[in-house]
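Sequences listed follow chains Y and G, in order. FYI, the numbering for the first sequence is 0 to 592, going by numbering that gives the first Met the number 0. FYI, the numbering for the second sequence is 0 to 280, going by numbering that gives the first Met the number 0. C-beta: ideal position from N, C-alpha, C; glycine also.
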Amino acid sequence: MKKILIGLLSIVLFSCQSGEEIKSLLIEAESFDEKGGWSVDPQFVEQMGSPYLIAHGMGSQVEDASTSFMIEEKGTYHVWVRTKDWAPGNWEAPGQFKVSVNHMELSTILGTREEWGWQYAGNIKLEKGTNTLGLIDLTGFNGRCDAIYLSQHKKEPEQDNAKMVQWRQKLRNESSNSSDKKEYDLVITGGGLAGCAAAIAAAEQGLKTALIHDRPVLGGNASNEIRVHTLGIYGHFERILKMIDTEHYPNGSPKAAQEDEKRLKNIQKYKNIDLYLDWRAHNANSNDNYISHVDARHNQTGERIRFKAPYFVDCTGDGWIGYWAGAERMYGRESSDTYDEHWEQHGELWSPEKADNFVMGSSLLWRSHKVDSTYVFPEVPWAMDVVGGYAAKEGSWKWEYSDNDLHQVDDAEQIRDHMLKAIYGSFYNEKQKAGNDSLSLEWVGFLLGKRESYRLVGDHVYNFNDVKNNVAFRDSVVVEERAVDVHFQQYLEKAHKPDFLSEALFYRSGRYYVPYRSLYSKNINNLFMAGRCFSCTHLGLGGPRVMLTTGQMGAAVGYAASICKKYNVKPREVYEKYLDEYMALVLSSDKHK
Amino acid sequence: MGVYKEYICLFLWISGGLLIPGMSQNREDKDLVLGIPEEKFAHPLYLVGQKTDSAFYYSRIFTPVCDDSVCNLVKLDVYWNLAGKYLSFDTVPGFPLTKNDHQLFVTRDYEKLHSILQDEYSVLSRIEKNELVQTNKPEKQDGVDGYSGATAKELKQDVVEGASFSSFTLWNLVNGDVREIIRKNTIKQYLPKIEQQLLKSHDSDMVLLALKNWNKEDYCSRFDVILELIKRGDALVNFYILKNLQGDILRDKSNQQSIKNIMPQLDEYTRAFIKKYVDTK
Ligand SMILES: Cc1cc2nc3c(=O)[nH]c(=O)nc-3n(C[C@H](O)[C@H](O)[C@H](O)COP(=O)(O)OP(=O)(O)OC[C@H]3O[C@@H](n4cnc5c(N)ncnc54)[C@H](O)[C@@H]3O)c2cc1C
Chain Y
0 MKKILIGLLS
10 IVLFSCQSGE
20 EIKSLLIEAE
30 SFDEKGGWSV
40 DPQFVEQMGS
50 PYLIAHGMGS
60 QVEDASTSFM
70 IEEKGTYHVW
80 VRTKDWAPGN
90 WEAPGQFKVS
100 VNHMELSTIL
110 GTREEWGWQY
120 AGNIKLEKGT
130 NTLGLIDLTG
140 FNGRCDAIYL
150 SQHKKEPEQD
160 NAKMVQWRQK
170 LRNESSNSSD
180 KKEYDLVITG
190 GGLAGCAAAI
200 AAAEQGLKTA
210 LIHDRPVLGG
220 NASNEIRVHT
230 LGIYGHFERI
240 LKMIDTEHYP
250 NGSPKAAQED
260 EKRLKNIQKY
270 KNIDLYLDWR
280 AHNANSNDNY
290 ISHVDARHNQ
300 TGERIRFKAP
310 YFVDCTGDGW
320 IGYWAGAERM
330 YGRESSDTYD
340 EHWEQHGELW
350 SPEKADNFVM
360 GSSLLWRSHK
370 VDSTYVFPEV
380 PWAMDVVGGY
390 AAKEGSWKWE
400 YSDNDLHQVD
410 DAEQIRDHML
420 KAIYGSFYNE
430 KQKAGNDSLS
440 LEWVGFLLGK
450 RESYRLVGDH
460 VYNFNDVKNN
470 VAFRDSVVVE
480 ERAVDVHFQQ
490 YLEKAHKPDF
500 LSEALFYRSG
510 RYYVPYRSLY
520 SKNINNLFMA
530 GRCFSCTHLG
540 LGGPRVMLTT
550 GQMGAAVGYA
560 ASICKKYNVK
570 PREVYEKYLD
580 EYMALVLSSD
590 KHK
Chain G
0 MGVYKEYICL
10 FLWISGGLLI
20 PGMSQNREDK
30 DLVLGIPEEK
40 FAHPLYLVGQ
50 KTDSAFYYSR
60 IFTPVCDDSV
70 CNLVKLDVYW
80 NLAGKYLSFD
90 TVPGFPLTKN
100 DHQLFVTRDY
110 EKLHSILQDE
120 YSVLSRIEKN
130 ELVQTNKPEK
140 QDGVDGYSGA
150 TAKELKQDVV
160 EGASFSSFTL
170 WNLVNGDVRE
180 IIRKNTIKQY
190 LPKIEQQLLK
200 SHDSDMVLLA
210 LKNWNKEDYC
220 SRFDVILELI
230 KRGDALVNFY
240 ILKNLQGDIL
250 RDKSNQQSIK
260 NIMPQLDEYT
270 RAFIKKYVDT
280 K
């Protein structure tokens with residue numbers, strides 16, 4: 000495995016705006032030399048424009064972040080900070096911070112404007128040469144800083160989100176094309192269980208493989224950043240999946256870190272997997288229904304790479320590659336008669352008469368513990384509307400948020416922030432109980448654990464009837480036996496329940512099988528998908544969305560890609576022309592080395 | 000919770016089981032729904048009092064409860080509402096419930112069994128019978144996004160202690176396929192009295208069962224009933240109604256006005272909810 004090393008450069012971005020001789024400078028927060036206690040959050044790039052730094056201190060201030068930058072011309076500079084008050088209302092903003100320049104704090108409190116946009120921080124005299132910039136967290140409650148703009152001219156920077164991308168590129172002297180180009184046999188985007196398994200299976204079959212993942216650790220929902228344990232069965236791929244799975248610790252357990260190490264080590268063993276950690280794909284180009292390349296950007300340095308390959312796999316969970324390439328996709332709960340998925344037992348909760356967007360929601364897991372001394376947790380007035388009197392000392396899978404009017408991709412930041420309010424508010428209430436003086440927050444996730452968003456459409460749309468009838472397809476490459484479960488928000492049935500708790504409905508079915516035809520795109524000829532975004536209905540996702548099952552999908556796709564390469568054919572042709580050979584490969588997986 | 004509210008306060012203790020008054024008297028006024036035992040529910044099932052304001056379903060179930068080696072016969076009267084939701088049970092004279100070790104159930108055990116059966120989303124819906132006895136898992140699990148492998152310790156709160164097989168068997172019998180059979184039958188029997196009872200109920204499941212029978216014309220001609228339902232603020236029912244209140248019905252000026260008129264009577268949550276779907280300006 001070739002590790003891609005990126006030196007953390009302080010980004011010095013100067014622009015002389017045409018004719019005016021105005022010196023201005025854009026510093027991306029995620030590119031800071033030292034992040035201190037701030038974390039890089041790349042989850043909402045497509046919605047708000049960029050990865051950003053977040054002060055996720057669980058109520059305790061995080062260490063300052065700092066960076067150096069060059070000034071070419073001395074003078075007075077106006078400072079703007081792109082930020083957002085994530086819980087606006089009749090209280091002080093939860094995520095407050097300040098900026099310092101050359102260790103001098105600017106007095107303006109930032110993180111107090113509604114919606115993402117530029118907040119004026121003040122002005123400062125700067126000398127030519129190296130200067131430093133710092134972010135000083137004031138609250139520990141998820142203050143966020145996307146970028147800092149310095150200009151000699153007191154003109155508000157671009158506020159329009161749509162124009163922002165070009166404005167940023169221009170200021171950074173960056174073209175939209177990637178300078179670096181790489182070629183592979185297979186390019187996989189998304190390093191959850193599905194992506195990891197796909198990479199291993201493909202690499203074992205000799206494919207030169209790129210795995211692009213937008214976090215510093217592999218595993219997706221199973222990683223130590225989200226901490227869900229893997230469930231399901233191994234199917235035909237026990238050997239591969241045991242390299243990347245987890246033990247059965249409770250969800251939220253820090254033991255996930257050991258499993259991350261195991262997973263990374265095992266993937267690094269493969270010389271023909273190039274691992275691009277902390278790289279986020281942002282585009283897939285397609286002509287005549289073939290993807291020619293995927294473009295990715297490093298989350299911190301902003302460096303870009305163009306990935307070319309004959310075949311691509313979308314393991315992003317959200318179907319991003321498919322979306323950019325123009326693949327057909329689905330979202331929401333289908334009406335019960337679209338695929339004849341009605342189950343009288345649970346009526347509307349199971350499958351609605353009219354289609355809607357009440358999909359399974361996203362979660363943040365969290366836990367607390369008792370410490371040796373008193374632990375003071377501040378008041379969180381901005382969370383109380385969400386929690387009311389609800390108190391809790393840990394989360395579980397039931398801490399989940401979905402709303403018909405909130406989209407799991409477009410509104411993901413709002414959903415995440417709702418969960419943060421739910422956690423901090425419930426913990427605050429718990430702290431008010433006698434005997435909880437030393438109760439302290441141990442860990443709170445800030446990356447959304449998602450269950451359901453877009454699904455890409457394949458030649459077969461996997462649905463509840465396939466489960467119910469235990470359909471054994473000719474191309475059954477995935478097998479599962481866990482009960483199917485879909486979730487709904489508890490308040491729908493019980494008005495007094497908070498809106499961030501869910502409940503599950505189960506259908507026990509015995510063994511069921513996912514066909515290969517649900518693992519490649521119907522209309523993009525060289526695109527596979529594995530994981531949550533495989534071709535299925537809302538109810539079809541209910542069973543196979545757990546991570547050993549999505550891992551099975553990944554492995555199945557990795558093998559299929561090797562057949563595609565061998566015969567230079569489309570994924571569909573593997574089913575049409577080489578199914579016997581392919582199934583033999585899948586069924587003998589555990590015997591391969 | 001509506002149905003529970005309607006009935007719970009009325010529970011009487013009789014012979015250790017739970018009986019809803021009126022149920023025993025009414026049993027004469029009963030119609031056989033399922034006479035021939037079928038695979039899905041092999042017990043005679045009755046709809047009781049279908050011409051009254053308080054119809055319900057009843058069955059005397061008679062079932063073996065087996066662990067690995069021994070089988071025990073359980074006989075119990077069970078009651079459900081019109082939407083197939085479990086309401087209560089009553090023991091049959093001469094058939095007290097017993098535990099694995101043949102100890103008789105005490106009052107606390109009957110109470111526990113009742114609350115287990117009431118929990119529609121119990122762990123017992125998702126595990127296999129053989130998982131009742133697994134004890135070798137090192138740590139507590141909490142994954143429902145796949146509940147695999149329960150521990151005996153963990154299941155403790157979901158079963159009557161010492162009667163895990165009875166709890167499992169009864170839960171699956173009472174909350175299993177019978178629910179679907181009942182719901183289908185209620186729809187088939189759709190008499191005015193039954194509809195009235197469904198619509199009056201504070202259980203969203205009951206109301207939805209009625210509304211599923213409505214067509215567009217019903218929504219128009221019975222808009223007053225819809226308004227009354229909306230006022231109750233039941234999220235699931237309102238969501239369903241608002242999805243169906245599209246097009247013509249809402250273009251009707253007087254309907255629009257009626258919705259605006261009730262807005263002040265609604266709780267904040269319902270108001271916000273309606274505003275998402277209906278222009279109330
Ligand atoms: C709270 C919770 C509890 C659950 N419980 C269980 C359980 O107990 N057991 C179980 O097995 N499953 C459980 N699930 C379900 C399971 O975790 C998900 O379905 C899982 O997401 C499936 O794995 P995946 O590989 O498809 O996707 P993911 O794990 O979501 O992986 C996809 C990865 O792709 C990355 N990515 C996305 N876009 C890009 C891009 N443009 N460029 C680069 N990378 C990108 C994402 O960061 C992500 O990490 C649970 C889910 C939740 C939220």
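Contacts that residue i makes with chain G (C-beta to C-beta distance below 9 Å)
i: L405 of chain Y; result: By Cβ distance, chain G contributes nothing, its closest Cβ being about 11 Å from L405 of chain Y, past 9 Å.
i: Y389 of chain Y; result: Under the 9 Å cutoff, chain G gives no residues; its nearest Cβ is about 15 Å from Y389 of chain Y.
i: D355 of chain Y; result: F238, K242
Own chain partners of residue i with C-beta closer than 6 Å, once the 5 adjacent residues on each side are dropped
i: N284 of chain Y; result: S291, H292
i: A149 of chain G; result: Residue confidence for A149 of chain G is low, a pLDDT of 44 falling below 50, so the modelled location carries little weight and cannot support an answer.
i: L500 of chain Y; result: K397, Q489
i: A86 of chain Y; result: P93, W381
i: S147 of chain G; result: The predicted model places S147 of chain G with a pLDDT of 41, which falls under 50 and marks its position as unreliable; any figure quoted below should be read in that light. Nothing listed; no residue qualifies.
i: I273 of chain G; result: none
i: G133 of chain Y; result: D63, S65, S99
i: I199 of chain Y; result: I239
i: D179 of chain Y; result: I304
i: K241 of chain Y; result: none
i: E237 of chain Y; result: D589
Residues of its chain near residue i, where Cβ-Cβ distance is below 7 Å and the 5 sequence neighbours each way are ignored
i: T129 of chain Y; result: S67, M69
In DSSP terms, what residue i is bridged to
i: M69 of chain Y; result: Y:T129
i: M329 of chain Y; result: Y:R454
i: V78 of chain Y; result: Y:G121, Y:L149
i: W278 of chain Y; result: Y:H297
i: W575 of chain Y; result: Note on identity: in this sequence residue 575 of chain Y is Glu, with Trp being the wrong assignment. E575 of chain Y is not bridged to any residue.
i: A583 of chain Y; result: A583 of chain Y pairs with nothing; no bridge assigned.
Within chain Y, the residues that residue i reaches when beta carbons sit closer than 9 Å
i: E227 of chain G; result: What E227 of chain G touches in chain Y: nothing, since even the nearest Cβ is about 17 Å away.
i: Y120 of chain G; result: E502, A503, L504, F505
Integer-rounded CB distance, given that residue j should sit under 8 Å from residue i
i: V478 of chain Y; j: Y515 of chain Y; result: At roughly 12 Å, the Cβ-Cβ gap does not stay under 8 Å, so V478 of chain Y and Y515 of chain Y are not in contact.
i: N160 of chain Y; j: G48 of chain Y; result: 6 Å
i: V186 of chain Y; j: A308 of chain Y; result: 4 Å
i: M163 of chain Y; j: D313 of chain Y; result: No, M163 of chain Y and D313 of chain Y are not in contact; Cβ-Cβ is about 26 Å, not under 8 Å.
i: H228 of chain Y; j: E203 of chain Y; result: Not a contact, Cβ separation roughly 25 Å.
i: A482 of chain Y; j: F505 of chain Y; result: 5 Å
i: R167 of chain Y; j: L25 of chain Y; result: 7 Å
i: A280 of chain Y; j: A295 of chain Y; result: 5 Å
Per-residue contacts from residue i into chain G (C-beta, under 7 Å)
i: Q344 of chain Y; result: R178, E179
Own chain residues within Cβ distance below 8 Å of residue i, not counting five before or after
i: E138 of chain G; result: Here E138 of chain G scores only 44 on pLDDT, less than 50, and its place in the model is too uncertain to base an answer on.
i: G388 of chain Y; result: N428
Cutoff 7 Å: residue i Cβ touching any chain C Cβ
i: A221 of chain Y; result: Within the model displayed, chain C is absent; protein chains Y and G are what it includes.
Amino acids of chain G, ordered along the chain, whose beta-carbon sits closer than 8 Å to that of residue i
i: Y490 of chain Y; result: A234
Contact test: residue i Cβ vs ligand 3 heavy atom, cutoff 6 Å
i: Y57 of chain G; result: Absence of ligand 3 is noted for the structure shown, with ligand 1 being the only ligands found.
Within chain Y, the residues that residue i reaches when beta carbons sit closer than 7 Å
i: L207 of chain G; result: G346, E347
i: F88 of chain G; result: Near F88 of chain G there are no residues of chain Y at all, since even the closest Cβ is about 20 Å away, more than 7 Å.
i: S124 of chain G; result: F505
i: D281 of chain G; result: Residue 281 of chain G is absent from the structure shown; chain G starts at 0 and stops at 280.
Chain-ordered neighbours of residue i on chain Y, where CB pairs are closer than 8 Å
i: K183 of chain G; result: E343
i: S203 of chain G; result: L491, E492
Practice task
Specify whether the stretch 203 to 220 of chain Y and the stretch 341 to 358 of chain Y touch according to this definition: at least 3 beta carbon pairs, one from each stretch, less than 8 Å apart.
Solution key: Contact annotation: the stretch 203 to 220 of chain Y does not touch the stretch 341 to 358 of chain Y, with fewer than three C-beta pairs closer than 8 Å.
Exercise for the section: Check whether the stretch 297 to 307 of chain Y touches the stretch 24 to 38 of chain Y, counting contact only when three or more Cβ pairs, one atom from each stretch, lie closer than 8 Å. Expected result: In short, these stretches touch, since the Cβ pair count reaches three.
Handout entry: Meets three-Cβ-pair contact criterion under 8 Å: the stretch 327 to 334 of chain Y and the stretch 448 to 461 of chain Y
Key = Yes: the two stretches touch, three or more of their Cβ pairs being nearer than 8 Å.
Problem - the stretch 205 to 216 of chain G in contact with the stretch 180 to 193 of chain G per 3-pair CB rule at 8 Å - result: The answer is yes - the stretch 180 to 193 of chain G touches the stretch 205 to 216 of chain G, with three or more Cβ pairs under 8 Å.
Handout entry: Any 3 or more C-beta pairs closer than 8 Å across the stretch 142 to 158 of chain Y and the stretch 177 to 184 of chain Y
Key = Judged by Cβ distances under 8 Å, the stretch 142 to 158 of chain Y makes no contact with the stretch 177 to 184 of chain Y, as fewer than three pairs qualify.
Practice task
For the stretch 403 to 422 of chain Y and the stretch 349 to 367 of chain Y, state whether three or more C-beta atom pairs, one from each stretch, are separated by less than 8 Å.
Solution key: Yes: the two stretches touch, three or more of their Cβ pairs being nearer than 8 Å.
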